[in-house]
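Trainee:
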Amino acid sequence: QTPKLVRIKTPTPASFQLISFWADNVEAWFCYAEAEFRNHGMTDPRVQFLAVV
904 QTPKLVRIKT PTPASFQLIS FWADNVEAWF CYAEAEFRNH GMTDPRVQFL
954 AVV
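In this note's numbering, the protein residues as written are 904 to 956.
1) So the candidates are THR946, GLU939, PRO906 and ALA926; which of them puts its Cα closest to the Cα of PHE919?
2) Spatial neighbours of TRP925 within its chain, please: CB distance less than 7 Å, with the 5 preceding and 5 following residues excluded, ordered by chain position.
3) Considering just the uninterrupted stretch of the alpha helix (DSSP H) at TRP925, what are its terminal residues?
4) Quick one: using the 10 Å Cβ neighbour count with 16 as the cut-off for buried, is VAL950 buried or exposed?
5) From what residue to what residue does the alpha helix (DSSP H) around LEU953 run?
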């Protein structure tokens, strides 16, 4: 079966870019990422996921 594509209505802002991943402090990095998502109005978890991946 062919996978379905999902269109996201709230795209990642063009100016948005997360800092490099902190492997030595993962919890702090995710706290930082969540704060950046809020600051840029990124509330859709799918958009957040795509920004991280």
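Glycine is no exception: its CB is placed at the ideal position from the N, C-alpha and C atoms.
Remember, predicted model here, so these are calculated numbers, not experimental data.
Mentor: Result, derived from the coordinates:
1) As a first step, residue 919 must be located in the sequence shown, where it is residue number 16. The shortest Cα separation from PHE919 among THR946, GLU939, PRO906 and ALA926 belongs to GLU939.
2) The sequence position of residue 925 within the sequence shown is 22, counting from 1. For TRP925, where only same-chain residues beyond five positions count, the Cβ hits under 7 Å are ALA931 and TRP932.
3) In the sequence shown, residue 925 corresponds to position 22, counting from 1. Per DSSP, TRP925 belongs to no alpha helix (DSSP H) and is neither H nor E.
4) Position 47 of the sequence shown, counted from the first residue, corresponds to residue 950. It counts as buried.
5) As a first step, residue 953 must be located in the sequence shown, where it is residue number 50. Residues 948-955.
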